[in-house]
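Below is one structure, written out as structure tokens, with a few remarks after it.
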């Protein structure tokens, strides 16, 4: 992958997640207009090795969302990743192309998911659209955001996928981080020993069956991680209504704890802290783009 072009096209959202880390979501009606995005993309000289990312807020609430998808589908051969909660998708308007990849979060079983999103019925809507996306050529990544409540509910990713007949191209296992909003909502912090057990059990159950990405997970939680390969780091560019396309050298941060200072994997954690990289298991460990 050469370049990642990351567009937060709006900050609208029909969920109200108890931990949402975006301070802009729900606070502004300003957007990247279709004309502005079109003009920006035309200047990029995109090729098949580049990645366009559409995020928000909830990008599907953007008034020109489907026009943007159609434009990217017809004019370019780059891959497109869409971060969507999946509740508000008009599946018939989405181009039927394997170049489009939807990354959709699941927060646990139905009751827990709706509790986290604070949107009754969101679980059923999300699941319905994941099923519909699976019938298209589009790729589907399911992102399990692990909270202490998920762990305490004895949620099992493999059992969930099998019981719901879900066949994602990739699963992402991500940590629910503490945020200003999560503290305001009195959301429990993850108990790290239990989180470590959850990660390792999930890995053992799933790694021979599917591609797994780990986001905001300390690498010391990952079995046999010393057998990794670092892929070429792409250049990362960010844009929203308030920023023209700006080159950045980070995406997510992994918190380095006091006890980590003597860990022989600390430098890897630090490299993840300052880039758009994540550990991925796909027949072998690699560090590559999320």
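Numbering (the numbering used here), first residue to last: 297 to 586. Cβ coordinates follow ideal geometry from the N, Cα and C atoms, glycine included.
Using three-state DSSP, classify residue i as helix, strand or coil.
i, result
"residue 413", "helix"
"residue 354", "coil"
"residue 419", "helix"
"residue 511", "strand"
"residue 335", "helix"
"residue 541", "strand"
"residue 452", "coil"
"residue 533", "strand"
"residue 307", "coil"
"residue 391", "coil"
"residue 584", "strand"
Taking buried to mean at least 16 other C-beta atoms within 10 Å of its own C-beta, is residue i buried or exposed?
i, result
"residue 400", "buried"
"residue 547", "Its pLDDT being 42, under 50, residue 547 is placed unreliably by the model, and the measurement read from it follows with that caveat. Buried, because 16 or more other Cβ atoms sit within 10 Å of the Cβ of residue 547."
"residue 270", "Outside the modelled stretch of the chain, which goes from 297 to 586, sits residue 270, for which no answer is possible."
"residue 388", "exposed"
"residue 323", "exposed"
"residue 308", "buried"
"residue 510", "buried"
Note down, in chain order, each residue of its chain lying with its Cβ closer than 8 angstroms to the Cβ of residue i, except the 5 sequence neighbours on either side.
i, result
"residue 290", "Residue coverage of the chain in this structure runs from 297 to 586, which leaves residue 290 outside it and unanswerable."
"residue 395", "369, 373, 374, 375, 376"
"residue 409", "402, 403, 418, 419, 422"
"residue 311", "354, 381, 383, 413, 414, 415, 418"
"residue 544", "532, 533, 534"
"residue 519", "496, 499, 500"
Excluding five sequence neighbours on each side, which residues of the same chain lie with their C-beta closer than 7 angstroms to the C-beta of residue i?
i, result
"residue 328", "303, 305, 535, 536, 537"
"residue 380", "354, 355, 356, 398, 400"
"residue 366", "391"
"residue 472", "315, 441, 442, 443, 486"
"residue 433", "392, 393, 394"
"residue 340", "301"
Apart from the five residues on each side of it in sequence, which residues of its chain come closer than 6 angstroms, Cβ to Cβ, to residue i?
i, result
"residue 406", "419"
"residue 484", "444"
Tell me, to the nearest whole angstrom, how far the beta carbon of residue i is from that of residue j; I am working on the premise that it is less than 8 angstroms.
i, j, result
"residue 523", "residue 561", "About 12 angstroms; that fails the 8 angstroms criterion."
"residue 582", "residue 525", "5 angstroms"
"residue 425", "residue 385", "5 angstroms"
"residue 360", "residue 317", "The pair is not a contact, with the Cβ atoms about 26 angstroms apart (cut-off 8 angstroms)."
Flag this pair as touching only if the segment 528-536 and the segment 476-493 have three or more C-beta atom pairs under 8 angstroms; answer yes or no. When C-beta atoms of the segment 528-536 are compared with those of the segment 476-493, fewer than three pairs fall below 8 angstroms, so the two segments do not count as touching.
Can at least three beta-carbon pairs, one atom from the segment 501-518 and one from the segment 341-356, be found at a separation below 8 angstroms?
Result no; under three Cβ-Cβ pairs closer than 8 angstroms.
At least 3 beta-carbon pairs within less than 8 angstroms: the segment 435-451 vs the segment 466-473:
They touch, by the three-pair rule.
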